[in-house]
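Worksheet for the structure shown next.
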Ligand SMILES: Nc1ncnc2c1ncn2[C@@H]1O[C@H](COP(=O)(O)OP(=O)(O)OP(=O)(O)O)[C@@H](O)[C@H]1O
Ligand SMILES: [Mg+2]
């Protein structure tokens, strides 16, 4: 943590974001180690989603630097960052509602294969991309829904589909914004298992309100409070941190 | 495959049509098909990408004017002139689209309308070059490579147009079902998700805008050569509106619906006496009827019939996923 960014795949340095008079992020710094499961904790409005938006380029930094593999990506647009392997899900499910489950995954698979610029061959005949999309759905046990319009599948399945679509891109870093929000107990466990079974080479950053879930999944934790980083380190350490216990665990 | 077969069958039926109709109707059908293809191209922008344009007549007219002026002023060969006209239109679209598609919804609608009016204004005011309100008459048609086919013959010209329109429809259908076509649907549904998947959303919108313009340009050429004339009517905002409403009435995103509506509306228009003023009213009326009675447009009729038949079956265990649109 202290040796600059030795094994870090993603580093956020001194990032600040203002929304009018509101300081949503106040000189936030933290590193994500390659292959780690990094949890972001913090009460409502702490700036967690804003941090994801800054990392993925949906909100531009007013100060500070975001680096992926040591390269400064602060000026890149969201789609460029996604192509570099920085892929996210959203707190509010963001999918193609009028398309089928398979087509949703297919849009990811096409990018991964570099077939997304093909303008004259039927996407349906691209067996390579279809196979890849199917594979991704199978991995998350969603393949039986392949031909259903997203609108018609359950909320829990949509949350999982969002992860499947992101995985279809073969990301380097997967950023999950409250993947279990609004899910039933059983669905939450399905998602936890899913995240557990992700390949170790994939780095996962996860925003999560449910402490039980975070403590199960994350090896590193960063805690935000009113836009400031109030704790950062290994999960066991942060759990015991008196400031965190007072500020965060106390208010929950 | 199935789609391409359907296009082929439709093409054969349309090719045989002149045997059964009068010369007057052959002329009407020529134009009807041209406007059908124009509306189908616009569907890629409106139905697929979810961007509204009230200015695509500009690209139809620009191509027509480009070709007509090249032929009459510089005596260019009509084949070359056609290429020039289409090229001009596409270049203007390429220059304008990146600015326009930054806007969406009503703002885009007004900005495309304004653009169309600028081009229309240029054509009507720059009298010495464009002929002003009188347009450009005396446009000669291209000479066909087979000397026995005389393009002056209405039936030959009908087949000539049909050939290009079938090619256009084939390409539009291909494009629509390609990864790029799918990505346009993605942009319509969620720009945010598309960005997060690594798609350059802006460029996809520009692509849809320019492709719709290019289709309009080809149609503009066919129309100009049909009339052997081009005038400000080809740039009129009411033509843009007619095409936009053809998409809505046909069923956005269905491709064939806008084609049928684009052709149908043209025929209806020609059958109304004392046109102009009344036409806008009729168009508005048809639009309102569609929105109220048939929200999915013409393309939703087969789906409705299918659903009705299903609902009268004894067991109600059929899941109708057959979607609004998406299939040609
Ligand atoms: N686009 C925006 N414009 C204005 N204010 C914003 C914007 N996005 C976030 N904010 C504000 O910034 C603060 C941090 O919001 P953010 O969504 O990052 O919090 P969060 O930690 O994700 O909270 P939650 O747990 O509720 O999701 C909040 O006060 C929020 O209202
Ligand atoms: Mg949030």
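Residue numbers (the numbering used here), protein chains in the order written: chain A, 404 to 655; chain B, -13 to 314. We put the beta carbon where it would ideally sit given N, CA and C, even for glycine. Computed from a predicted structure; not experimentally measured.
Within 8 Å of any Cβ in chain A, is that where the Cβ of residue 166 of chain B sits?
For residue 166 of chain B, the answer is yes, since a Cβ of chain A falls inside 8 Å of its Cβ.
Contact check, residue 525 of chain A vs residue 164 of chain B under 8 Å by CB: the rounded distance?
About 6 Å; that satisfies the 8 Å criterion.
Using a Cβ cut-off of 8 Å, pull out every chain B residue sitting near residue 521 of chain A, in sequence order please.
Result: 164, 165, 166.
Own chain residues within Cβ distance below 6 Å of residue 303 of chain B, not counting five before or after:
In this prediction, residue 303 of chain B scores a pLDDT of 37, lower than 50, which makes its location untrustworthy; no coordinate-derived value is stated.
In chain A, what lies closer than 9 Å to residue 161 of chain B by C-beta?
Within chain A, the residues whose beta carbon sits less than 9 Å from that of residue 161 of chain B are 522, 523, listed in sequence order.
Please classify residue 59 of chain B as buried or exposed, where buried requires at least 16 other C-beta atoms within 10 Å of its C-beta.
So residue 59 of chain B counts as exposed.
Rounded separation between residue 620 of chain A and residue 589 of chain A - CA only
Between residue 620 of chain A and residue 589 of chain A, the C-alpha separation is close to 16 Å.
Residues in the region 470 to 488 of chain A having any Cβ partner in chain B nearer than 9 Å
Within the region 470 to 488 of chain A, the residues whose Cβ lies closer than 9 Å to any Cβ of chain B are, in chain order, 480, 481, 482, 483, 484, 485, 486, 487.
Please enumerate, following chain order, all residues with a beta carbon closer than 5 Å to at least one heavy atom belonging to ligand 1.
Selection output, chain order preserved: A/422, A/427, A/447, A/448, A/449, A/450, A/451, A/452, A/453.
Comparing the CB of residue 613 of chain A with every heavy atom of ligand 2, is any distance shorter than 7 Å?
Because no heavy atom of ligand 2 lies under 7 Å away, the Cβ of residue 613 of chain A does not count as near it: no.
For the alpha helix (DSSP H) that contains residue 618 of chain A, what are its first and last residues?
Element bounds for residue 618 of chain A: 614 to 620.
Name the DSSP beta bridge partners of residue 161 of chain B, please?
Residue 161 of chain B is not bridged to any residue.
Three Cβ pairs or more, each shorter than 8 Å: is that satisfied between the region 41 to 54 of chain B and the region 65 to 77 of chain B?
Yes: at least three Cβ pairs fall under 8 Å.
How close, in whole Å, do the beta carbons of residue 513 of chain A and residue 532 of chain A come, if the pair is a contact with beta carbons under 8 Å?
Rounded, the Cβ-Cβ distance is 5 Å, consistent with contact.
Interface residues of chain A facing residue 209 of chain B [CB-CB closer than 9 Å]
The CB of residue 209 of chain B never comes closer than 9 Å to any CB in chain A; the least such distance is about 26 Å.
Can you check whether the CB of residue 242 of chain B is closer than 8 Å to the CB of residue 40 of chain B?
For residue 40 of chain B and residue 242 of chain B, no; Cβs fall outside 8 Å.
Do you know offhand how far residue 31 of chain B's Cα is from residue 175 of chain B's?
Here the C-alpha atom of residue 31 of chain B lies approximately 13 Å from the C-alpha atom of residue 175 of chain B.
Name the DSSP bridge partner or partners of residue 440 of chain A?
When DSSP reads this structure, residue 440 of chain A sits in a beta bridge with A/607.
When the Cα atoms are used, what is the spatial distance from residue 137 of chain B to residue 66 of chain B?
Approximately 17 Å between the Cα atoms of the pair.
Does the structure place the region 228 to 244 of chain B close enough to the region 17 to 37 of chain B that three or more beta carbon pairs sit under 8 Å?
Taking a contact to require three or more Cβ pairs closer than 8 Å, the region 17 to 37 of chain B and the region 228 to 244 of chain B qualify as touching.
Taking only beta-carbon atoms, is residue 573 of chain A less than 8 Å away from chain B?
False, the Cβ-Cβ gap to chain B never drops below 8 Å.
Beta-carbon gap between residue 658 of chain A and residue 552 of chain A smaller than 8 Å:
This structure cannot settle anything about residue 658 of chain A, because the visible part of chain A is limited to 404 through 655.
In chain order, what residues of the same chain lie with their CB nearer than 8 Å to the CB of residue 358 of chain A, ignoring the 5 residues before and after it?
Nothing in the structure corresponds to residue 358 of chain A, since chain A is present only between 404 and 655.
Have a look at residue 267 of chain B and residue 276 of chain B and give me their C-alpha separation to the nearest angstrom.
When rounded, the distance between both Cα atoms is 14 Å.
Tell me, please, which residues DSSP counts as bridged to residue 58 of chain B.
Within the DSSP bridge table, the entry for residue 58 of chain B names no partner.
Using a Cβ cut-off of 8 Å, pull out every chain B residue sitting near residue 499 of chain A, in sequence order please.
Going along chain B in sequence order, the residues near residue 499 of chain A (Cβ under 8 Å) are 171, 172, 175, 176, 179.
Does chain B have any CB closer than 8 Å to the CB of residue 511 of chain A?
At least one CB atom of chain B sits nearer than 8 Å to the CB of residue 511 of chain A.
Taking the C-alpha atoms as reference points, what is the distance between residue 286 of chain B and residue 196 of chain B?
Going by C-alpha positions, residue 286 of chain B is about 27 Å away from residue 196 of chain B.
Is residue 592 of chain A buried or exposed, if buried means 16 or more other CB atoms sit within 10 Å of its CB?
Counting Cβ neighbours within 10 Å, residue 592 of chain A comes out exposed, since fewer than 16 surround it.
Is it the case that the Cβ atoms of residue 149 of chain B and residue 16 of chain B are separated by a distance below 8 Å?
Not a contact, by the Cβ cut-off of 8 Å.
Quick one: measure Cβ to Cβ for residue 632 of chain A and residue 638 of chain A, integer angstroms, because I've assumed they're closer than 8 Å.
Actually they do not touch by this definition, with Cβ atoms about 16 Å apart.
So, is the C-beta of residue 182 of chain B closer than 8 Å to a C-beta in chain A?
Interface annotation, residue 182 of chain B: in contact with chain A, CB-CB separation under 8 Å.
Cβ-Cβ separation, residue 413 of chain A to residue 387 of chain A (assumed contact under 8 Å), whole Å:
Coverage of chain A is limited to positions 404 through 655, which leaves residue 387 of chain A absent and any answer about it impossible.
Considering only residues of the region 499 to 586 of chain A, which uninterrupted beta strand (DSSP E) runs meet the minimum length of 3 residues and lie entirely inside it, listed in chain order?
Within the region 499 to 586 of chain A, the complete beta strand (DSSP E) runs of at least 3 residues are 576 to 580.
For residue 616 of chain A, I'd like the list of residues in its chain whose CB is within less than 8 Å of its CB, leaving aside the five on either flank, ordered along the chain.
Within the same chain, residue 616 of chain A has close Cβ partners 583, 591, 595.
Hey, residue 641 of chain A and residue 650 of chain A are a contact pair by Cβ (cut 8 Å); roughly how many whole angstroms apart?
At roughly 12 Å, the Cβ-Cβ gap does not stay under 8 Å, so residue 641 of chain A and residue 650 of chain A are not in contact.
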